[in-house]
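Input: a single structure, listed below in structure tokens.
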Amino acid sequence: MSKKIIVSKKPFSKYKTITEAIQKAVPGTKIFIEPGIYKENIVIDKQVELLGKGPVNEIVVRSENSTSILMQTERATVRGITIHQRGEAKGDEYFVAVDVPMGSLTLEDCHIRSDIGHGVRIYHLHTNPVIQRCNIHHAKGVGILIYSEGNPVIKDCKIYNSEHNGVWVREKGRGTIENCEIYGNKFPNITITSEGNPVIKGCKIYNSEQNGVWVYDQGRGTIEDCEIYSNKYPNIGITREGNPVIKGCKIYNCEQNGIWVKEKGRGTIDNCEIYGSKYPNIAIASEGNPVITGCKIYKSEQNGVWVHKKGRGTIEKCEIFGNRQPNIHIESEGNPVIKGCKIYKSEQNGVWVHENGFGTIENCQIYRNGYPNIAIKSEGNPVIKGCKIHNSEQNGVWVYDQGRGTIEDCEIYSNKYPNIAITGEGNPVFRDCKIYNNSHYGVWVKDKGRGTVESCEIYSNNVANIMIESEGNPVIRGCEIRNSEQNGVWALNKGHGTIENCKIYGNSNRDILISEDSHTKVLNEAGPREEKSEKAKPDRSSQASSELTEVLAELDSLIGMENVKEQIRKTIEYIQFNQELAKFGIESENLKLAVSHTVLYGNPGTGKTTLAKLLGKLYRAMGLLSSGHVVQVNREKLVAEYIGQTAPKTKAKIDEAIGGVLFIDEAYELTNKGLKNDFGPEAIAVLLEEMENKKGEFMVVVAGYTQEMARFLEANPGLKSRFTQYFHLQDYTPKEMVEIARKMVRDQKRQLSQDAEEALAEEFTRLWRKRDRFFANARTVRTYVEAMLQAQAQRCLRVPREQWTKEFLLTLTSEDVKATIPKEKTKAFDLPINEALLSEALQQLHRMIGMKRVKEEIAKLVTLVRFYKEEGRSLDELSPHTLLIGSPGTGKTEVARILARIYEALGILERGDLVEVNRDQLVSAYQGESEKLIAVYIDQAMGGTLLIDEVYQLTQYGLQDPGHKVIEVLLKRMEDDRGKFIVIATGYKEKIEQFLDSNDGLRRRFVRRIEFEDYTHAELMQISDLMFQEKGYQLDPKACLLITNTCVNIGIIHLVMPGLPGIS
1 MSKKIIVSKK
11 PFSKYKTITE
21 AIQKAVPGTK
31 IFIEPGIYKE
41 NIVIDKQVEL
51 LGKGPVNEIV
61 VRSENSTSIL
71 MQTERATVRG
81 ITIHQRGEAK
91 GDEYFVAVDV
101 PMGSLTLEDC
111 HIRSDIGHGV
121 RIYHLHTNPV
131 IQRCNIHHAK
141 GVGILIYSEG
151 NPVIKDCKIY
161 NSEHNGVWVR
171 EKGRGTIENC
181 EIYGNKFPNI
191 TITSEGNPVI
201 KGCKIYNSEQ
211 NGVWVYDQGR
221 GTIEDCEIYS
231 NKYPNIGITR
241 EGNPVIKGCK
251 IYNCEQNGIW
261 VKEKGRGTID
271 NCEIYGSKYP
281 NIAIASEGNP
291 VITGCKIYKS
301 EQNGVWVHKK
311 GRGTIEKCEI
321 FGNRQPNIHI
331 ESEGNPVIKG
341 CKIYKSEQNG
351 VWVHENGFGT
361 IENCQIYRNG
371 YPNIAIKSEG
381 NPVIKGCKIH
391 NSEQNGVWVY
401 DQGRGTIEDC
411 EIYSNKYPNI
421 AITGEGNPVF
431 RDCKIYNNSH
441 YGVWVKDKGR
451 GTVESCEIYS
461 NNVANIMIES
471 EGNPVIRGCE
481 IRNSEQNGVW
491 ALNKGHGTIE
501 NCKIYGNSNR
511 DILISEDSHT
521 KVLNEAGPRE
531 EKSEKAKPDR
541 SSQASSELTE
551 VLAELDSLIG
561 MENVKEQIRK
571 TIEYIQFNQE
581 LAKFGIESEN
591 LKLAVSHTVL
601 YGNPGTGKTT
611 LAKLLGKLYR
621 AMGLLSSGHV
631 VQVNREKLVA
641 EYIGQTAPKT
651 KAKIDEAIGG
661 VLFIDEAYEL
671 TNKGLKNDFG
681 PEAIAVLLEE
691 MENKKGEFMV
701 VVAGYTQEMA
711 RFLEANPGLK
721 SRFTQYFHLQ
731 DYTPKEMVEI
741 ARKMVRDQKR
751 QLSQDAEEAL
761 AEEFTRLWRK
771 RDRFFANART
781 VRTYVEAMLQ
791 AQAQRCLRVP
801 REQWTKEFLL
811 TLTSEDVKAT
821 IPKEKTKAFD
831 LPINEALLSE
841 ALQQLHRMIG
851 MKRVKEEIAK
861 LVTLVRFYKE
871 EGRSLDELSP
881 HTLLIGSPGT
891 GKTEVARILA
901 RIYEALGILE
911 RGDLVEVNRD
921 QLVSAYQGES
931 EKLIAVYIDQ
941 AMGGTLLIDE
951 VYQLTQYGLQ
961 DPGHKVIEVL
971 LKRMEDDRGK
981 FIVIATGYKE
991 KIEQFLDSND
1001 GLRRRFVRRI
1011 EFEDYTHAEL
1021 MQISDLMFQE
1031 KGYQLDPKAC
1041 LLITNTCVNI
1051 GIIHLVMPGL
1061 PGIS
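In full-length UniProt numbering, the protein residues as written are 1 to 1064.
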């Protein structure tokens, strides 16, 4: 029968040490240990239970330079105790806090720490401890060490902050580790080596200073349903014939690779998600040869999978998508087998093979990647079989710079650039493929590209099924080439090549078109075809089609502008239709009119200049302009200072633009500026005359801000009739701005880290939300990128040179973004509440008759400001710009004056000055003057309040009202000088709503509204009594009755007694 023993540090306790209790115990004894520090080395040599009786952190077994607990029996239990091994480690000597060389120890709810060695050591066959709900931490050595066929069960534990590994399984050690958190260890959280073979289930393995899991030297193990993340070295490293099985895990957010397999490492990785790594999600090198099946591999800052330095591996039925660099990157004799995968939506290539990379890619879908779906260069030589390669933002397959490769039994279709491009001595073999539905070419061979295309179907490609130019020299053998919208085979500009035993038919323009300077051979043409190949002189239509392809490619490469792209494509279709009519002898005046004089309008930085140049190229490619060059001018280049000089100056620029485009930026500067000797209208008159006289000979593009361009077109009746094409260049979205930044950074041979893109997106979203008509779009992006490059240089120079890497020097980070965000440089000072001034202002408010709702709203404001100040929050969040809304004579102006003093008393403003203005003081008949007037009054109001009385009058006279200019400047200053002044505006309720609808920015700026109720008759009588008393009058009963019956608001009192001081 079991016994019970209590160990306690209390006086008169029978057992003061655990060792003494074990010595006196018989097998089966429960030894209860009360709180205290027990400085002893415990040897458990009997079947006993050591049970903490109290909080675990108050029951401490502490040993010095020796083992805290040594298991020397077949079965025992230790529960609810803190085990702390202390001392000084000597050289490489390691001690152990809990040493289990035999038996089945149950270790539960304990805290285990070693300052001089390992936390727990488990070794020898038939050693089967169970460790549950324990914290094993801050070991000088390994948290848990398992070897020599030790076989523990470890459940629901936290194993962390060791100086070595969290768990190390070696020398045929086994064990089950389940539902544990293993983190923050300086060496790999879990290391498995020399035939170690644990089962690890449902664990979180993170934040190691090295790997999450490292399997090497023939280590094995099964890792299942775990999360492995945020480790500094690869989350999982497999080397030197390590061969684990990894199932159903999430492996993410690593500082390096998600999984790294090298030096003959193997392993099976099944149904895992591997994502968010800063280096490639999976890297395979040095004869690494894993099997990866059914995984999702995505959103790396570099590649999805990188195979190099003779790496191998089998990747099967995986989805590889959304990675910043090519989804799959194969180089330097990498030779993987990739089967049945979906490879899509990389920001760069789907698959990139170069520098003697090999590989077999079979039965995959490769689509919607930002660069060519497959790119092969520099003697890359993959075998690609049975794949569908489609809908790339660029080419389906691009082979260049001596790239090779064999592409068999594939479908290559619907890519934005030519389905196949072979350039720069690329020399692939395409066999038994279907190549179709491209808006440009099916196959494009140029710049000394070679290659063999045999037994393929090439059809329904728009410009040409096969295009050969610039010394391209392919062999096209045994192919069926049909149903192009234009040409079957088109060779021009010194194109070469051999077309042998092909069926070429059903192409809309020519089956074969070979320019006079090309040397393409056509051998044994099999037909069916109505006409034989012919030599063709270079003609304008051939050049135009080639140019049009390039223009469309350039158009497609522009970021954003989807509405413009659609409109341009419709324009092309319209021109092509009229050209087709001409072929039937139906001449159309519309063809001349197709060179439409164009208005580009939108905010700055939206690509107006870029689009003007592209329109020139477009109309040249369509044969409607002879050169398509662009002459860019502004007011200064068209308008002279003296009479008689403007007309010749303008005509000279028009003559310079003949055959191309006259691009007038900020064209509204030509309209009458209100000056006596302004010759801008003369320039407009000359321009209109030449646009009519030289119709079709040149094109005029005018550009500028939206509202100004509307006023420009109204300035002369002839302008609207001449300009028939309008493009609205919309503001870029934050996402598009990030894309522009990425392109600008790439042009500087740099790259953005993921956190840099996220920080830019956040900053651009902030700017976009407060944007106005001066929002600078791509110009803003360029400013940020240039500042980031400077910030990066400063950041790099702060790091010792020996720590520099190429990756470090090429990458812009969130730190560089944050360094560019403008910071308020004014000295911060929290103005205290001036209680005396506040009390005086509030008393003045409360003395006013009526206004119950107004007084309540202002009281809420005061309470809210007090709360913000107590909480230390910024008063900028309050947005104190205010609308006072109500009928005339309800006291709005007087309340505005009181509010200004309240704002001063609360510390929202530096002073309580109120600058009062109305429309008459702000709006001028002269162009540009209104903007200057509002700026002057805002400057006067700095530190105080600007009151705009009857503010709706600024926009009440339509879109041409110069009051709109006042509002634009006001909104911009309200944002730019946030917290430096306050605007109070007054008006009637109905009029105020119309005013707020006149500009999108108004409702965002004026979020505080105070509504004034009409006075009651009794309140009006109180007011009238006061007013008459101030003048020394008394009312007899009949006069009182008359006023009571006729007064409907305080405005009538002013009519009855003009000149009397009122409330407003």
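In this text, a Cβ means the ideal position worked out from N, Cα and C, and glycines have one as well.
Bear in mind that the values here come from a model prediction, so they are computed numbers and not experimental data.
Taking the straight line between their C-alpha atoms, what separation do you get for residue i and residue j?
i	j	result
Asp920	Glu950	11 Å
Leu675	Val969	Low per-residue confidence applies at Leu675: pLDDT is 49, beneath 50, and the placement is therefore not dependable, though the value from the model is reported in the following sentence. If you take the alpha carbons of Leu675 and Val969, they lie about 23 Å apart.
Ser194	Gly119	21 Å
residue 1068	Trp398	In this structure the chain extends from 1 to 1064, so residue 1068 is not present and cannot be described.
His138	Gly175	22 Å
Lys16	Lys10	8 Å
Ile37	Val56	11 Å
Ile938	Ala900	15 Å
Val489	Thr452	15 Å
Ala536	Asn509	Any reading at Ala536 must be qualified, since the residue scores a pLDDT of 42, below 50, and its modelled position is unreliable; no value is offered.
Gln325	Pro280	9 Å
Ser148	Arg121	11 Å
Gly258	Glu273	10 Å
Ala791	Thr820	7 Å
Around the C-beta of residue i, are 16 or more other C-beta atoms found within 10 angstroms, so that it is buried, or is it exposed?
i	result
Pro244	buried
Val261	buried
Arg973	buried
Ala667	buried
Thr67	buried
His354	buried
Thr293	buried
Gly958	exposed
Val895	buried
Thr780	buried
Taking residue i as part of the alpha helix (DSSP H), name the residues at either end of that continuous run.
i	result
Trp768	Gln754 to Arg769
Arg404	Counting along the chain, Arg404 falls outside any alpha helix (DSSP H), and DSSP gives it neither H nor E.
Arg174	Counting along the chain, Arg174 falls outside any alpha helix (DSSP H), and DSSP gives it neither H nor E.
Ala652	Thr646 to Ala657
Glu454	Segment Thr452 to Glu454 is the beta strand (DSSP E) holding Glu454; no alpha helix (DSSP H) there.
I'd like to know whether the C-beta atoms of residue i and residue j end up nearer to each other than 8 Å.
i	j	result
Ile18	Glu40	yes
Arg853	Glu990	no
residue 1069	Met848	The chain is shown from 1 up to 1064; residue 1069 falls before or after that span and cannot be answered.
Gly350	Asn373	yes
Pro35	Ile59	yes
Thr73	Gln47	yes
Cys110	Val78	yes
Ile236	Cys203	no
Tyr988	Gly850	no
Ile182	Ile205	yes
Val661	Val701	yes
Lys980	Gly928	no
Ile376	Gly396	no
I'd like the span of the beta strand (DSSP E) that includes residue i, first residue to last.
i	result
Thr783	Looking at the DSSP string, Thr783 is not in any beta strand (DSSP E); the run it does join, the alpha helix (DSSP H), is Ala778 to Leu797.
Thr609	Run containing Thr609: none in the beta strand (DSSP E); it sits in the alpha helix (DSSP H), Lys608 to Ala621.
**OP:** Enumerate, from N- to C-terminal direction, the unbroken beta strand (DSSP E) stretches of 3 or more residues contained entirely within the UniProt domain "AAA+ ATPase" (878–1016).
**Re:** 882–885, 914–917, 945–948, 982–987 and 1008–1011
Subject >> Entirely enclosed beta strand (DSSP E) segments - the region 90–154, minimum 3 residues >> reply: 95–100, 104–108, 111–114, 117–123, 130–132, 135–137 and 144–147, all fully within the region 90–154.
**OP:** Please go through the region 227–253 and give each complete beta strand (DSSP E) segment of 3 or more residues, from N-terminal end onward.
**Re:** 227–229, 236–239, 245–247 and 250–252
Original post:
Enumerated in chain order, which unbroken segments of the beta strand (DSSP E) with a length of 3 residues or greater are wholly contained in the region 285–309?
Top reply: Assignment of beta strand (DSSP E) within the region 285–309, counting only whole runs of 3 or more residues, yields 291–293, 296–298 and 305–307 in chain order.
**OP:** Tell me the start and end of each unbroken beta strand (DSSP E) in the region 50–74 that is at least 3 residues and wholly inside, in chain order.
**Re:** 59–64 and 69–71
**OP:** Can you check the region 459–517 for any beta strand (DSSP E) of at least 3 residues that lies completely inside it and give the ranges in chain order?
**Re:** Within the region 459–517, the complete beta strand (DSSP E) segments of 3 residues or longer fall at 464–469, 475–477, 480–482, 487–492, 498–500, 503–505 and 510–515, listed in chain order.
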